[in-house]
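Below is one structure, written out as structure tokens; the observations come after it.
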Amino acid sequence: MSDKQLDLDGLVAELSSGMTLGIGGWGSRRKPMAAVRAILRSDLTDLTIVSYGGPDVGLLCAAGKVAKVVYGFVTLDSIPTDPHFKRARQTGAIEAMEVDEGMFYLGLLAASQRVPFLPTRAGLGSDVMRVNPGLKTVTSPYEDGEELVAMPALNLDAAIVHVNRADTSGSGQILGPDPFFDELFLGAARKRFITTEAIIPTEEFLDHGPIQTMCISRLLTDGVVATPGGAHFTACVPDYQRDEAFQKEYVTAAADDDSWAAFAARYLAIDEASYQQSAGPFRSETAQPPREGGGQ
Amino acid sequence: MSPTRADYCALACAEVFRGDGEVMASAFGTAPAIGARLARLTFAPDLVLTDGDAALVSGAPVLGTPPGSLVLESHMPYRKVFDVVWSGRRNLIMMASQVDRSGNQNISAIGDWARPSAQLVGVRGAPGNTVNHSTSYWVPNHSPRSFVEQVDVVSGVGYERADSGGPAARRFHEIRFVVSNLGVFDFDTPSRTMRLRSVHPGVSVDQVVEATGFTLTIPDNVPLTREPTPDEQQLLQMLDPKGLREREVKE
């Protein structure tokens, strides 16, 4: 089996400006934040971000990396909206494609299955059809003749998802209660990357969780990056919960340019190792063991 | 102890689930969360509740029960939630930043979608929910800003839009009730536009009319939202011992 390990710089080197990039996770949960931070430090720009949006979208918007966002929502879960995404939309800084979150799922599924669209009732009658004039309907060729939305495939140039454990050949294990749509992000993408809390020997997967948690096969991955604490400040249960205090700090800092510049200098202008030391879930001054439980 | 306004709101939310069999109850907001549990413990015993994360829970846990103390019944990650939504085996109370005469709901953006004056969370699952299973709305701050003639971005689909969306949009569409801090509303009119169904005790019809940004259908006799039975009152207290509902809805 080939060794697919790379580091964050190696991952970023595989990306290029103008790409359509899918980001796994959901809201402020299990986001590949270390990879997002690496993109923030890079020259990449003009990205189309496809995401069940959380602070990944906000941070990339704040750094001017984004041309367009494809989303059903952008939320921080415990805080309803992301301040940077709000500002980007309200100032017209980005283009947007807003669809029902189920349509979004079908778009990824269609891309994974290499079909041009999948039919759904979701979207009919709503302004999703008005604000996305490119969306079309399709009429059932069978007796019912129902006219449904033809959700187009969301084909991705690259996708990045974050998992709890992985092996060197790129099989991934998700130990939290919800795998979200990570498998489909990978399936929809041409270049596929997973970041992980820890790379472990393949034979140890079952020591961490049952077979059902081993849900990302190496058929779906081209590269794997070890990024302990790499979902911070989003939740990555059972390894760690969302860092609510840090998330509040992130939102508060977004209030004006000066405080944001200070936040960015302190947490975003530094490399990942320094970030983990000063802010990460395993930072020494708090040195808390991973908490159990799936609630958020 | 006489029921508070928040008690009436929670009870009105419970009524959304009356007559439901074995369907998944999803409820956003405090009054809806209490209402779904109350319905489950009384007149809708087969209702299936969620833990708000990735599971279905057994029974009707008290608000704020730590995740580790819940009895889980089944795995329900988001990908499976869509299977349930699209199967129709769900009844939902969503919140609404704006709701209009025809039952459209907006949680997407205020103003012109292309460049909104306020970007909200996004349409989320509202378009798909409303054309697949019964949906109701909870608005804890009834005002002309939340009850508007026409919502800015149709996220949840109302009756007129379901009609113009064609038979596939109409087929499973139902906006059952809108519950606000002032009263309960339905669409039981020939034109499927919003009607005042009941006012909560202590609220006048004039007050509702004044707080609504469009012309409501007002029946000749507007009943009061029904009072909780002594059992229901006790259950409300048991389900929300810290009185979180009183923080969401002031007297």
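Chains as they are written, first to last, in my numbering: chain A, 1 to 296; chain B, 1 to 251. The beta-carbon is built from N, C-alpha and C at its ideal position, and this holds for glycine as well.
Per DSSP, reduced to three states, the secondary structure at residue 232 of chain B is helical.
Only residues of its own chain outside the window of five on either side were considered, and among them 146 have a CB closer than 6 Å to the CB of residue 140 of chain A, listed in chain order. Counting C-beta pairs closer than 8 Å gives fewer than three between the stretch 129 to 138 of chain A and the stretch 153 to 166 of chain A, which falls short of the contact rule. With a 10 Å radius around the Cβ and a threshold of 16 neighbouring Cβ atoms, residue 142 of chain A comes out exposed. Of the candidates A:101, A:6 and A:115, A:101 places its Cα closest to the Cα of residue 126 of chain B.
Contact between residue 10 of chain B and residue 49 of chain B is absent: CB atoms are separated by about 15 Å, not below the 8 Å threshold. For the pair of segments examined, the stretch 115 to 125 of chain B was found not to touch the stretch 165 to 184 of chain B: the number of CB pairs separated by less than 8 Å stays below three. Under the 10 Å beta carbon count, residue 121 of chain A is surrounded by 16 or more other beta carbons and is classified as buried.
Using a C-beta cut-off of 8 Å, the stretch 80 to 99 of chain A makes no contact with the stretch 85 to 95 of chain B, since fewer than three inter-stretch Cβ pairs fall below that distance.
Remark: fewer than three beta-carbon pairs, one from each stretch, lie closer than 8 Å, so the stretch 125 to 135 of chain A and the stretch 162 to 173 of chain A are not flagged as touching. Taking 7 Å as the cut-off between beta carbons, the residues of the stretch 139 to 169 of chain B near chain A are 153, 154, 155, 157, 161, 162, 164, 165, 166, 167, 168 and 169, in sequence order.
Using a Cβ distance threshold of 8 Å, residue 236 of chain A and residue 197 of chain A count as a contacting pair. Here residue 137 of chain B is bridged, per DSSP, to B:94 and B:178. In the structure shown, residue 190 of chain A adopts extended strand secondary structure according to DSSP, grouped into three states. Sequence-distant partners of residue 203 of chain B (beyond 5 residues in either direction) whose C-beta falls short of 7 Å from its own C-beta, in its chain, are 182 and 183.
Each of A:214, A:210 and A:154 was checked against the Cα of residue 189 of chain A, and the nearest Cα belongs to A:154. Any Cβ of chain A closer than 8 Å to the Cβ of residue 117 of chain B would place that residue at the interface, and such an atom is present.
Taking all protein chains in view, the Cβ of residue 247 of chain B is surrounded by fewer than 16 other Cβ atoms within 10 Å, so the residue is classified as exposed.
When Cβ pairs closer than 8 Å are counted between the two stretches, the stretch 90 to 105 of chain B is seen not to touch the stretch 64 to 79 of chain A, the count staying below three. Contact between residue 12 of chain A and residue 60 of chain A does not hold, since their C-beta atoms are separated by about 13 Å, which reaches or exceeds 8 Å.
Annotation: residue 144 of chain B to residue 150 of chain B spans about 11 Å, alpha carbon to alpha carbon. Note on geometry: alpha-carbon atoms of residue 210 of chain B and residue 20 of chain A lie some 49 Å from one another. By the neighbour-count criterion, in which a residue is buried when 16 or more other Cβ atoms sit within 10 angstroms of its Cβ, residue 224 of chain B is exposed. Within chain B, not a single residue places a beta-carbon under 7 Å from that of residue 227 of chain A; the smallest gap is close to 23 Å.
Fewer than three pairs of CB atoms, one per stretch, sit closer than 8 Å, so the stretch 209 to 216 of chain A makes no contact with the stretch 239 to 254 of chain A.
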